[in-house]
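Q: The sequence shown begins at 1 in the UniProt record's numbering and counts up by one. The beta-carbon is built from N, C-alpha and C at its ideal position, and this holds for glycine as well. All of these numbers come straight from a predicted model, not from anything done at the bench. Could you have a look at this structure, given as structure tokens, before my questions?
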Amino acid sequence: MKIGYKLIAEAYSPTEMVRQCVRAEEAGFDFVEISDHYHPWVSEQQHSGFAWSMLAAMAAKTERIELATGVTCPFIRYHPAIIAQAAATTQLLSDGRFTLGVGSGERLSEHVVGRGWPSVSVRHQMFRESLEIIRLLWQGGYQSYEGKHLTLEDAQVFDLPETLPKIIVASGGPQASTLAAELGDGLFTTEPRADLIQAFTDAGGDGPRYAEVPMAYGATEDEAAEQARALFRFGLTGWKVQSELPNPVNFDAATAMITADHMREGFACGPDTDKKLQVSQQFVDAGYDHLALINAGTDVDGFFDHFTKELAEPLRALRPSS
């Protein structure tokens with residue numbers, strides 16, 4: 001079991017993200033994963049720095065902690081050739097501590113380049129082609145690719161690490177889980193769903209299984225729930241909403257009726273350790289072995305201290321219930 005920390009790049013400045021990564025290493029976390037968005041989700045967040053610059057700074061300022069994207073969409077806003085290069089460079093700068101988390105993206109960040117937002121089926125096709133291009137470029141040498149949606153022409157990534165980054169594929173359904181088994185090295189989800197792991201293993205997948213665990217640390221449950229509502233209420237909308245809305249103002253409208261009580265239902269809010277363990281147990285029971293803790297509360301350093309003193313040991317001791 002590895003325990004990670006979610007760096008919420010939409011809620012904090014780039015310099016604060018780097019500081020939190022350093023603190024996560026000091027607190028004893030095994031890894032951090034950072035979102036890669038162009039826009040924040042809701043109007044209260046007000047940030048969205050460039051993930052790859054932050055990762056480079058994190059690599060320079062830490063020694064042990066593993067780094068990951070959680071997650072990058074390798075097409076539309078980017079071309080997969082750029083992601084292949086960026087991931088290889090980050091692996092070199094971090095001395096082999098980088099994991100490339102990838103997903104099929106959201107309109108929120110991808111529409112900004114004016115290329116539209118394809119249907120789900122087309123996005124899945126583009127996602128597959130992107131992973132094929134990345135794998136091709138990581139073989140070394142000049143490579144070309146002619147897909148239905150994406151093209152690569154005489155491209156080479158010149159700086160390749162001896163050990164390539166693992167590719168962890170985000171999944172919300174069996175199709176993506178199968179893709180994770182075919183072209184990825186592991187699975188990434190945001191729900192405690194055993195069926196996603198089952199589809200992954202049925203297709204031959206046997207790598208690490210990442211999941212984000214919703215928490216909100218604060219002095220009281222009420223305070224933490226309200227902070228979670230302000231910063232993370234978009235998370236309750238579900239993937240069909242999260243992938244389709246274009247801007248924070250749209251998410252503000254879509255989440256206007258979400259209350260602090262709604263946040264309590266999904267997040268372990270407040271200072272109580274047992275609540276956090278109960279929520280985490282759901283993911284352990286489902287079969288996940290890399291838990292990235294989300295802290296949707298604003299007392300960041302308080303959460304790091306809480307993790308070190310009270311949460312880390314019992315969390316690492318969790319085992320499947322059955």
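Tell me which residues share the same chain as A225 and place their Cβ nearer than 6 Å to its Cβ, disregarding the 5 neighbours each side in the sequence.
A: A260, M263, R264, C269.
Q: Give me whichever residues DSSP pairs with P214 in a beta bridge.
A: Note: P214 sits in a beta bridge opposite I294.
Q: At what residue ranges does the stretch 107-164 contain a whole run of the alpha helix (DSSP H), taking only runs of 4 or more?
A: Segments of the alpha helix (DSSP H) lying fully in the stretch 107-164: 107-110, 120-137.
Q: From which residue to which residue does the beta strand (DSSP E) around D6 run?
A: Reading off the sequence shown, one finds Lys at residue 6, where the question assumed Asp. Segment 2-7, the beta strand (DSSP E) holding K6.
Q: Can you give the Cα-Cα distance for K275 and H79, rounded to whole angstroms?
A: Their Cα atoms are separated by approximately 42 Å.
Q: Any idea what DSSP makes of G101, helix, strand or coil?
A: Residue state, collapsed to three classes: strand.
Q: Taking 8 Å as the limit between beta carbons, can you name the residues of its chain near S130, skipping five residues before and five after?
A: Once the five neighbours on either side are set aside, the close Cβ partners of S130 are P74, F75, P80, I83, V102, L150.
Q: Going straight from the alpha carbon of residue 405 to that of T255, what length do you get?
A: Examination of residue 405 is not possible in this model, given that the chain is present from 1 through 322 alone.
Q: Compute the distance between the beta-carbons of residue 398 and L291, then report whether it is under 9 Å.
A: Residue 398 is absent from the model: the chain starts at 1 and stops at 322.
Q: Return the chain-ordered list of same chain residues with a C-beta closer than 6 Å to the C-beta of W52, the five sequence neighbours on each side being excluded.
A: Result list for W52: A86, in chain order.
Q: Could you spell out the range, first to last residue, of the beta strand (DSSP E) harbouring A170?
A: Unbroken beta strand (DSSP E) run through A170: 166-170.
Q: Kindly indicate which residue of L136, W117, L318, G287 has the alpha-carbon position closest to the one of T201.
A: When only C-alpha atoms are compared, the closest one is G287.
Q: Taking buried to mean at least 16 other C-beta atoms within 10 Å of its own C-beta, is E313 buried or exposed?
A: Per the 10 Å Cβ criterion, exposed.
Q: Roughly how many angstroms lie between the CA atoms of I197 and Q281, to the nearest whole one?
A: Near 16 Å, if we compare the C-alpha coordinates of Q281 and I197.
Q: Please report the residue range of the beta strand (DSSP E) in which F188 lies.
A: Start and end: 186-189.
Q: Can you give the Cα-Cα distance for N295 and Y217, rounded to whole angstroms?
A: Roughly 6 Å separates the two Cα atoms.
Q: Counting beta carbon pairs with one atom in the stretch 11-20 and one in the stretch 44-60, are three or more of them shorter than 8 Å?
A: Yes: the two stretches touch, three or more of their Cβ pairs being nearer than 8 Å.
Q: What is the DSSP secondary structure of C21, counted as helix, strand or coil?
A: Helix.
Q: Quick check: what's the CA-CA separation for A24 versus Y5?
A: Roughly 7 Å separates the two Cα atoms.
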